[in-house]
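Data block below; observations after.
In our numbering, the protein residues as written are 26 to 358.
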């Protein structure tokens, strides 16, 4: 054996085997994730073709809804039920825009689920409004366009949601391989996502009460004023205090939550009374919104209780360490 062959053999012996990296597993690394105002997020270059198609479909539907709804608003009487529906549609499309980008860039499956629910609700709104209200070409065009796009959005949304739930790659990067921390973090995400959905529905309820009531009494004005502020405060307190594991914030959040439930039950009871017959034209829309809000409130309260139970079990420290690493990276430390 000559010297050249022996060196080649030795090189093969000492050459280390290549290791599987996070990139090989499809898990983003700290260099791939970006710091945004809402936290860590994937860059657009990391988005798959399926996700790009989904975002494109949502954006097209949002733009189309805004254009058609705005056209309807210009020709609709402020006191009509069509005006109420138009405002609700605009509110929902704004939240859909928020959900699709945060849901995809931060791989939050619950936000995609909520987007699917919102899509179904919008279809219900449009069908109910077309069947019970004044029928015209513009409303028919909006209903047809929505009926074509929404099923595609729903199917793509389910596919993407399933992939996020199965892979958990973003959750893995945020809290690591600890299964307990992953479970705690996922529950926290569910809480925050449905808290956003609750804010969306509460905004719709305010519009419904303000535009469908023939006469708004002093009691309604007080309730809406206090309730609107309470909803915003509850959202901010819940969204911020739970990740920080603030006991004071959690107590304040749970003190504010029952008021919302009581008001919704009160309004539902009012709708089904004979003296509230002026709701008949939009009763499907109103009842759907109220019942959905009740269900979402229950989910928020349950996941909030679970989040409080998980206080002091390491999630806060893990999230804080992650945040500190990101700040050090920005500062070049």
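Virtual Cβ for every residue (Gly too), placed ideally from N, Cα, C.
Exposed is the label assigned to residue 205, since fewer than 16 other Cβ atoms lie within 10 Å of its Cβ. DSSP places residue 117 outside any beta strand (DSSP E); the residue lies instead in the alpha helix (DSSP H), whose first and last residues are 106-130.
For residue 142 and residue 88, the gap between their C-alpha atoms comes out near 19 Å.
By a beta-carbon distance limit of 8 Å, residue 338 does not contact residue 200. Their separation comes to about 11 Å.
Measuring C-alpha to C-alpha distances from residue 235 to each of 329, 84, 109 and 71 identifies 109 as the nearest.
At least 7 Å separates the beta-carbon of residue 320 from that of residue 216. Under DSSP, residue 64 takes part in a beta bridge, and its partners are 61. Separation of residue 261 and residue 100 (C-alpha to C-alpha, rounded to the nearest whole angstrom) is 37 Å.
Here residue 295 is exposed: its Cβ has fewer than 16 other Cβ atoms, across all protein chains shown, within 10 Å.
If you look at residue 295, you'll find it in the alpha helix (DSSP H) that goes 272-296. Per the C-alpha coordinates, the member of 132, 212, 197 and 250 positioned closest to residue 230 is 250. With the rule of 3 Cβ pairs closer than 8 Å, the stretch 158-176 does not count as touching the stretch 118-138.
Linking residue 226 to residue 287 through their CA atoms gives a straight-line distance of about 15 Å.
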